[in-house]
Amino acid sequence: MNHPVIIVGAGLSGLRAASLLTEQGIKCRVQDARDRIGGRVLSIPVPNRPDLGKFDLGPTWFWPQNETHIANLVKELNLETFEQYKEGEILIERFQIKPPERCVLKENSDEKWVRLTGGVQSLIDALAETFPSEIVELETRVKRIQLNEAGEITVEADQVDGQTKVITADAVILALPPRLVARHIEFSPSLPPNLMADIVKKPTWMAGQAKVVAVYDRPFWRELGLSGFVLSSVGPLQEIYDASPIKGSGALFGFFGMPAEAREKMGQDKILKLVADQLVKLFGSEAKNAKAILYKDWSSDSETAVEEDISPLKNYQSYGQPPVGGVWEKKIIFAGTETNSQSSGHLEGALQSAEQAVDKIINLTNKPFTTGL
Ligand SMILES: Cc1cc2nc3c(=O)[nH]c(=O)nc-3n(C[C@H](O)[C@H](O)[C@H](O)COP(=O)(O)OP(=O)(O)OC[C@H]3O[C@@H](n4cnc5c(N)ncnc54)[C@H](O)[C@@H]3O)c2cc1C
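Counting from 1 along the sequence shown, just add 34 to a position and that's the residue number in my numbering.
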């Protein structure tokens, strides 16, 4: 095989695949539509205040007792971790007009919710260090994949300068949400109908969600005997957690109970005002002193979500590998967390799917490809 493997998507799954292929001496290129690597992983600082730390607007935790692939990778890459802060009482907010109740949470002591120092982006950055940076092409949006009679694949992508990039490949790893494949990538010949039917049914995990992080100079709620954990049936935030970095500041993050459509109608300014009011009701007047409120609505990000993802997720049954067959068998290989049946949706699923995709590529040839671009 003379041509590279093209990996579509520089999220955790695509980057892990690139790292493993490089390790095996298999030539590969990663193309991503965004101007950054990481996909749904997004850890950002407060603008002009890097001293306060980095805050996760995408994933936050992994659970090492069940998620061995991520646990091992984090160890292998020598990344620092710490446990989610859970000491103190939790707040339950049942009514709009009554104060929240304080409760002691019965802990499942075996379950560890682990965070990465510097945010989950530190995993992405460390992984990207394991292969030459030229492998990754950003702002390169794959729009067409064609297969000719000689079995050669061409991948066409739009670039930010308006040019179309065309690359010949021997195989393509699709490391992006399956619904984006169905919606945004044209295949010639067409993908089999059963495959299309399967991938449109795989909702993109968390694509309908939004996350907000309120950053303070210190985690003042801990001084009040509170863990920062809140369950609310009145909202707008339904679940709130302590998101403080190990040092530098304090932070609370929340997931919304309000559906994506309602958020869109309301608009960001009004949503953030409601969030600020809820935090004051829950944690007192000190909650007014946020240094910054960071917000990311994934449902309006077209590199993650499609229209159907905006409806709340009802079933998880369709996750796992799509049925690739016909002429596309062994030519396109699905990766990405939604294609993993064991840990679908999680970072762990993104890693497992990448490892399985790379195994398939290795099995395609006994003779490894040559390294280099
Ligand atoms: C708010 C939120 C909270 C979460 N919390 C957790 C958590 O605590 N723990 C956990 O384990 N998981 C969590 N997750 C899920 C976790 O983020 C995902 O499982 C993981 O990041 C998915 O990685 P991926 O590589 O499969 O896909 P993605 O990260 O979505 O990567 C796909 C990539 O494809 C690119 N792309 C899209 N279209 C094209 C195109 N046409 N051409 C080229 N590139 C394209 C995108 O830009 C993106 O970079 C959370 C997700 C969100 C959004």
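For every residue, glycine included, the Cβ atom is placed at its ideal position computed from N, Cα and C.
Rounded to whole angstroms, what's the CA-CA distance from residue 156 to residue 382? Just pull it up for me.
15 Å
Contacts around residue 235, its chain only, beta-carbon distance under 7 Å, and the 5 residues preceding and following it disregarded:
For residue 235, where only same-chain residues beyond five positions count, the Cβ hits under 7 Å are 352.
Return the CA-CA distance between residue 343 and residue 194, expressed in angstroms with no decimal places.
26 Å
Can residue 242 and residue 339 be called in contact, C-beta distance under 8 Å?
yes
Ignoring anything shorter than 4 residues or poking outside the region 83-170, list the alpha helix (DSSP H) runs there in chain order.
Restricting attention to alpha helix (DSSP H) runs no shorter than 4 residues, the region 83-170 encloses them at 102-110 and 155-162, ordered along the chain.
Using DSSP with H/G/I as helix, E/B as strand and the rest coil, what is residue 337?
Coil.
Residues near residue 409 in its chain [Cβ-Cβ closer than 6 Å; skip 5 each side]:
Summary: the structure shown does not reach residue 409, with the chain confined to residues 35 through 407, and so no result is reported for it.
Contacting residues, own chain, Cβ-Cβ under 8 Å from residue 324 (five flanking each side not counted)
So the list reads 248, 249, 250, 310 and 313, once near-sequence residues are dropped.
Rounded to the nearest angstrom, what separates residue 89 and residue 223 at their Cα positions?
43 Å
State the DSSP-derived secondary structure class of residue 393, mapped to helix, strand or coil.
helix
Counting pairs of beta carbons, one from the region 155-174 and one from the region 36-55, are three or more of them closer than 8 Å?
With a cut-off of 8 Å, the region 36-55 and the region 155-174 count as touching, because enough Cβ pairs lie within range.
Distance, residue 244 Cα to residue 302 Cα:
11 Å
Residue 79 - partner residues in DSSP beta bridges:
88
When you compare the CB positions of residue 277 and residue 94, do they come within less than 8 Å of one another, or not?
yes
Quick one: Cα of residue 54 to Cα of residue 191, how far?
24 Å
DSSP state of residue 292 mapped onto helix, strand, coil:
coil
Decide if residue 99 is buried, meaning its Cβ has at least 16 other Cβ atoms within 10 Å, or exposed.
Classification of residue 99: exposed, given that the 10 Å Cβ count is below 16.
Separation of residue 318 from residue 273, as counted between CA atoms
Within the model, the alpha-carbon separation for residue 273 versus residue 318 is close to 17 Å.
Residue 253 to residue 283, Cα distance in whole Å?
7 Å
Confirm the yes/no value for this check: CB of residue 342, any heavy atom of ligand 1, distance under 7 Å.
no
Looking only at its chain, what residues have a beta carbon closer than 7 Å to the beta carbon of residue 261, apart from the 5 residues adjacent to it on each side?
119, 120, 121, 122, 123, 124 and 276
Identity of the residue in 109, 37, 116 and 69 nearest residue 280 by Cα
116
Strand pairing of residue 221, partner residues [DSSP]
179.
Suppose you measure from the CA of residue 67 to the CA of residue 218; what does that come to, to the nearest Å?
Pairing residue 67 with residue 218, the inter-Cα distance amounts to about 11 Å.
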